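Here the structure is laid out as C-alpha cells; the discussion comes afterwards.
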C-alpha cells in the first residue's frame, strides 16, 4: 500500500490555486500544485526541524539537548555524498538546487525546466542518504565559521538578531540560525546522525512539487521514491518547548559597527499556548493588518516620520508567528534612531487612544487580496507558504476566508494587547565614527 | 538531447507610440497580475543623482493624491497596486524606472476591474505631480536629497557589492562603466526644486522612453490604454553618447582598502576583450560559467569546496564593459592563497583543462536559466530593455541558439582573451575587535 487514507484537496477560487495532498505509507506528506504554462518546475523536500528545535525526547526517553546551529549544519552536510556533492547531479540535469534553514524547518529544493522526474529522484535520494565523516564534518566547520563571520559583518542581520535577543530571555528563536563558532565546534558525525534519524524521518517531512507536470505521474514517482528507503517506524518525537516569560528581556540593545547608515528595529513579543492551525493563522493575519494600519505607508505615522527624515523607504513591518511565541518587527535605516524610538513610543500611545479607522481596515483587506494574487505567481511563495502553514497545522488557502472574516473589533483588540509602549524592545546599530 | 529554440512563451510586441518612446507588450496568460515598467534612459555620469531624485519626488504626491499617504491609500484601493521607483545601469546607460504590478481584471472578485484605473493613476503620478509654481515643492526636494544622500552612504553596508563597485572604479578609472547609478553626494549639493524639476521634464519629454507591459490582455487594446503614458513627448529626443570602446588590460595592479569587520572581500577584474555582438561573446559566457557562474563551476567546487578557502565565490561578465569580475568572501589571512587558487582555475579554463561534462553542464545551465527567465515578466522586461541598450538581439531564443552552438574550442579561444587587470581587497583592519558586544 503506497498511500494512507484519503487524498485531500486544498483549494481557493480567488487565488485560483489547488494543492492535492496525500500521506505516503512512510509517513511523508506528499503534495502537488500544478502551475499550467510555467516552464520552470520547482520541488522541495522539507523537514519540520529548524533552529528553534534544540531539545527533544523520543518515545518518552531522556531529554536530549542539541547545540545551537545543528539544523543549519545538517543542511550543509546533507549535500555531501561519498563520490561527489549533490549539486553536481542537479547540474548534470540542467537544474539548480539550494537549501535553507529557518527557525522552524529545513528545506531542500531544486528548480529545472527539463528532466523534472530525474531531479525529483535525486532530491529524495540525497536527502535520505546522509554521508557524515570526521573529515567532512571538520571541513564544514571552517566553511560555516566563515559564513557566521560574514553575517557578523552584515548590519541588517545583526540588528535583527539583536532585537530578538532583546525580546526573548530564554526562547531559542533569539539564537542565530547558524549558531556560533563555539556551539558548532562540538558537532560530530554521531550528533548529526542522531538528528537526522530523529527529524528526517519521512513522517516529519513534506515533499512538494509546484510544476506543470502530470499529477498522477508525480504521485507515482513520489510514492516509489519514498518506498525505496525503509527508515522504520516513525519515532515518537516530542519537541520540548522552552518557556518564555512575558515582557522583553531588554528594552534596548545597542551595537556599534562601521556602517554607512544607522539601523533600528523595534518590536513586541507574544506568548501563546493552546493555539493551533487556523487560530495561529488568524492571529498572524489580524496582527499583520493591525501593523499595516499603524506603521504602513498609508498609516498615520509613516509620512510624518519620513518627512522628519527619521525613516526612509527601507522602513517596513511584519509579524512572525511560531507555535508558542510570536513577535512583530518594524524599522529600517534611520538618521536618528533615538529620536525615532522616542517618537514611536509616544505616537503608539496616542494611536492606541484614538483607535483604528474601520475604513483603513477595509482598504488593507482589499490590498491584501492584491498581495496574495501577486505572491501566488511565485512557485517559491506557494512552496514556502504551504510548508510553513502545514508545519503550523493550518491550510495555506484559509488566509482568504480569514481575511473576509476579520472584524474591526479584532484588529482594535490586537492593537491594545500587542503594542504596549512599555513592553517594546528596540535594537540600534550606529557607526563608531 | 535535441533542443527546440522556438518561442515557448511569446516575446514582446513592439510599437513606437511617440517620438523616442516605444511600447513593448507581451501577452501573459499564466499569471494573476499585470506588470508594467516605464523607463527613461540617459548616459551614466553627470546628472545621475538629480535623475534619481525625480521619480522619488513623483511618488511623494500627485495633483489629486497630494501626499505620500494619499498615494499609498490610492495604491491600496487599487487592489494593493505596487508602485516603486528603481535606478539601474546597463553598460554606459542610466535607467530610471517606475515599476508597477496589479491584479488582472479577470482575477478580481465579482465585476471589479483595475487596469484602466491603475494606468490612469500611474499616468497622473508621472505627468501631474504635486507642484508649486510649476516646480517640485522645496520641502519635498530637500527631504529626498537627504534620503538619497543616506542611500549613497548606505552602499557601504553591503560589503560585497561595495567591493565590486570599488574594483570597477579602480579598474576603469576613466571609462563610463565606473559611475554608480546612484550618482554622487557632491551632485546632490546642486539639487534645487528647479534642477530636479528640469531633470524630470527632460526625462519624460526628451530622454528615450521604453514601456514594457505583460498581462492577460489583447496587445492592441492595452496599447490604447497605455498610450497616455507617453503624452507630452518632444520631437527633440536626447541623443545618447556613442558606445565607448572596450579596453584591454594594462599591467596587473593591486588595491587594498580596510574596514572594521571580520571577513574580507576579494575581487579580481579581468578584461574580456570581447562583448555583446562579438562572435566570441557567447563563448565567453560559457567560459565564465565553467569558471564561476554556477554551483558546478570550478571556483565553487575547487576553491570553496575542495580547499575551503572561502564561503562564497563566483564570477560574472559584463558584455558592455568587457569585464569579468571574480568575487570571493574570505578570511583576511587567506587572501593570497585564494587569489593564487583563483588564478590557477582561470588558467585551467584557458588551457582547456575542464571536462566535457563541465562544459555541457554549463551549456545546459545557461539554457535553463534563459528559459526560466521567460516565466518572469520582470526578467523578460529587463532582458528586452538591456538588450536594446547594449546592442544585443532582444530575442531570447536567438541567444539560446547561439549559446547552444558554442564549442569547447571557442571557449578556450575566448578564455585566452582574458587579461587580469586589478586585484582589489577589502580587508578587516588589523588589531581591532570589530564585534563590539551588543549591550
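Residue numbers (this note's numbering), protein chains in the order written: chain A, 1 to 433; chain B, 1 to 439. Backbone N, C-alpha and C define an ideal beta-carbon position, used for all residues, glycine too. As the structure is a computational prediction, the values presented were derived from the model and not from experiment.
Nearest residue (CA-CA) to residue 93 of chain B, options B:421, B:412, B:164, B:389: As a position in the second chain, residue 93 of chain B is number 93, starting the count at 1. Checking every option, the nearest Cα to that of residue 93 of chain B belongs to B:389.
CB contact below 9 Å: residue 364 of chain A versus chain B: Taking the first chain and counting its residues from 1, one reaches residue 364 of chain A at position 364. Yes, its Cβ sits closer than 9 Å to a Cβ of chain B.
Limits of the beta strand (DSSP E) - the one that residue 6 of chain A falls within: In the first chain, the residue the question calls residue 6 of chain A occupies position 6. Run containing residue 6 of chain A: 3–12, per the beta strand (DSSP E) assignment.
First and last residue of the uninterrupted alpha helix (DSSP H) at residue 119 of chain A: To locate residue 119 of chain A, count along the first chain from 1; it is residue 119. 116–127 is the span of the alpha helix (DSSP H), which, as asked, contains residue 119 of chain A.
Any C-beta of chain B under 9 Å from that of residue 35 of chain A: For this step, residue 35 of chain A is matched to residue 35 along the first chain. Chain B, which has a Cβ nearer than 9 Å to the Cβ of residue 35 of chain A, makes this yes.
Buried or exposed (CB count within 10 angstroms, at least 16 for buried), residue 1 of chain B: Within the second chain, residue 1 of chain B is the residue found at index 1, counting from 1. At residue 1 of chain B, the pLDDT of 47 sits below 50, so the modelled position is not reliable and the matter cannot be decided from this model.
Neighbour list for residue 260 of chain B in chain A, Cβ cutoff strictly below 8 Å: Counting from one through the second chain, the residue named residue 260 of chain B turns up at place 260. Within 8 Å Cβ-Cβ: 257, 258, 432.
Every unbroken alpha helix (DSSP H) within the region 46–81 of chain A, with a cutoff of 4 residues, ordered by chain: 70–78
Residues of the region 307–334 of chain B whose Cβ lies closer than 8 Å to any Cβ of chain A, in chain order: 308, 310, 311, 312, 329, 330, 331
Short CB-CB distance (under 9 Å) between residue 69 of chain B and chain A: Here residue 69 of chain B is taken as the residue at index 69 of the second chain, counted from 1. Answer yes: the Cβ-Cβ gap between residue 69 of chain B and chain A drops below 9 Å somewhere.
Environment of residue 409 of chain A [buried if 16+ CB atoms lie within 10 Å]: What you label residue 409 of chain A is simply residue 409 of the first chain in a count that begins at 1. Label assigned to residue 409 of chain A: exposed.
Check whether residue 130 of chain A and residue 192 of chain A have beta carbons under 9 Å apart: Here residue 130 of chain A corresponds to residue number 130 of the first chain, with the count starting at 1. Here residue 192 of chain A corresponds to residue number 192 of the first chain, with the count starting at 1. The answer is yes: Cβ separation under 9 Å.
Run of the alpha helix (DSSP H) containing residue 126 of chain B, from where it starts to where it stops: The residue labelled residue 126 of chain B in the question sits at position 126 within the second chain. 115–127 is the extent of the alpha helix (DSSP H) around residue 126 of chain B.
Classification of residue 15 of chain B by the beta-carbon crowding that lies within 10 angstroms, buried from 16 upward: Mapped onto the second chain, residue 15 of chain B falls at position 15. Burial call: exposed.
Residue 162 of chain A vs residue 265 of chain A beta-carbon contact at 9 Å: Here residue 162 of chain A corresponds to residue number 162 of the first chain, with the count starting at 1. Here residue 265 of chain A corresponds to residue number 265 of the first chain, with the count starting at 1. In this structure, residue 265 of chain A lies closer than 9 Å to residue 162 of chain A by Cβ.
Nearest residue (CA-CA) to residue 107 of chain A, options A:207, A:216, A:372: Here residue 107 of chain A refers to the residue found at position 107 of the first chain. Sorting A:207, A:216, A:372 by C-alpha distance to the C-alpha of residue 107 of chain A places A:207 at the top.
Of the residues A:73, A:42, A:211, A:27, the one placed nearest residue 111 of chain A, counting alpha carbons only: For the purposes of this step, residue 111 of chain A is identified with residue 111 of the first chain, where counting begins at 1. Ranking A:73, A:42, A:211, A:27 by Cα distance to residue 111 of chain A puts A:42 first.
Exposed unless 16 or more other CB atoms sit within 10 angstroms - verdict on residue 354 of chain A: Here residue 354 of chain A is taken as the residue at index 354 of the first chain, counted from 1. In this structure residue 354 of chain A is exposed. Its beta-carbon is surrounded by fewer than 16 other beta-carbon atoms within 10 angstroms.
Residue 284 of chain A and residue 326 of chain A closer than 9 Å at C-beta: Working through the first chain from its first residue, we reach residue 284 of chain A at position 284. Working through the first chain from its first residue, we reach residue 326 of chain A at position 326. Their beta carbons are under 9 Å apart, which means residue 284 of chain A touches residue 326 of chain A by this criterion.
Residue 128 of chain A burial status per 10 Å Cβ neighbour count (16 or more: buried): As a first step, residue 128 of chain A must be located in the first chain, where it is residue number 128. The residue is buried, with at least 16 neighbouring Cβ atoms inside 10 Å.
Through-space distance from residue 299 of chain A to residue 70 of chain B, alpha-carbon basis: Working through the second chain from its first residue, we reach residue 70 of chain B at position 70. Working through the first chain from its first residue, we reach residue 299 of chain A at position 299. Rounded to the nearest angstrom, the two C-alpha atoms are 10 Å apart.
Chain-ordered chain B contacts of residue 150 of chain A [CB-CB under 8 Å]: Residue numbering aside, residue 150 of chain A sits at position 150 when the first chain is read from its first letter. Per Cβ cutoff of 8 Å: 262, 263, 311, 312, 329.
With 16 other Cβ atoms within 10 Å as the buried cut-off, status of residue 115 of chain A: Your numbering for residue 115 of chain A matches position 115 in the first chain. Per the 10 Å Cβ criterion, buried.
Helix, strand or coil at residue 351 of chain B according to DSSP, with G and I counted as helix: Here residue 351 of chain B refers to the residue found at position 351 when the second chain is read from its first residue. Residue 351 of chain B falls in the coil class under three-state DSSP.
Chain A within 9 Å of residue 82 of chain B, Cβ atoms only: One-based indexing of the second chain puts residue 82 of chain B at position 82. Yes, its Cβ sits closer than 9 Å to a Cβ of chain A.
Short CB-CB distance (under 9 Å) between residue 81 of chain A and chain B: As a working mapping, residue 81 of chain A is identified with position 81 in the first chain. It does not: the Cβ of residue 81 of chain A has no partner Cβ on chain B nearer than 9 Å.
DSSP state of residue 345 of chain B mapped onto helix, strand, coil: The sequence position of residue 345 of chain B within the second chain is 345, counting from 1. Residue state, collapsed to three classes: helix.
Rounded Cβ spacing between residue 186 of chain A and residue 358 of chain A (contact assumed at less than 8 Å): Position 186 of the first chain holds residue 186 of chain A. Position 358 of the first chain holds residue 358 of chain A. Between residue 358 of chain A and residue 186 of chain A the Cβ distance is about 55 Å, and since that is not below 8 Å, they are no contact.
Distance between beta carbons of residue 144 of chain A and residue 73 of chain A, contact taken as under 8 Å: Along the first chain, one-based indexing puts residue 73 of chain A at 73. Along the first chain, one-based indexing puts residue 144 of chain A at 144. Right, the Cβ-Cβ distance comes to about 6 Å (below 8 Å), so this counts as a contact.
C-alpha distance - residue 107 of chain B paired with residue 429 of chain B, whole-angstrom precision: Here residue 107 of chain B refers to the residue found at position 107 of the second chain. Here residue 429 of chain B refers to the residue found at position 429 of the second chain. Cα to Cα, the separation comes out at about 55 Å.
Secondary structure of residue 189 of chain A, DSSP reduced to three states: Here residue 189 of chain A refers to the residue found at position 189 of the first chain. Residue state, collapsed to three classes: helix.
Segment limits, beta strand (DSSP E) that includes residue 293 of chain B: As a first step, residue 293 of chain B is located in the second chain; it is residue number 293 there, counting from the start. It is not in any beta strand (DSSP E) - residue 293 of chain B carries neither H nor E in the DSSP assignment.
Minimum Cβ-Cβ distance from residue 209 of chain A to chain B less than 9 Å: Here the question's residue 209 of chain A lines up with position 209 in the first chain. So, not an interface residue.
Continuous beta strand (DSSP E) stretch holding residue 20 of chain A: start and end: Counted from its first residue, the first chain places residue 20 of chain A at position 20. Run containing residue 20 of chain A: 17–24, per the beta strand (DSSP E) assignment.
Nearest neighbour of residue 61 of chain B, chosen from B:49, B:50, B:74 [CA to CA]: Against the second chain, residue 61 of chain B aligns to sequence position 61. Of the candidates B:49, B:50, B:74, the one whose C-alpha sits nearest the C-alpha of residue 61 of chain B is B:74.
Residue 439 of chain A versus A:421, A:337, A:222, residue with shortest Cα-Cα distance: The structure shown does not extend to residue 439 of chain A, since chain A spans only 1 to 433, so no value can be given for it.
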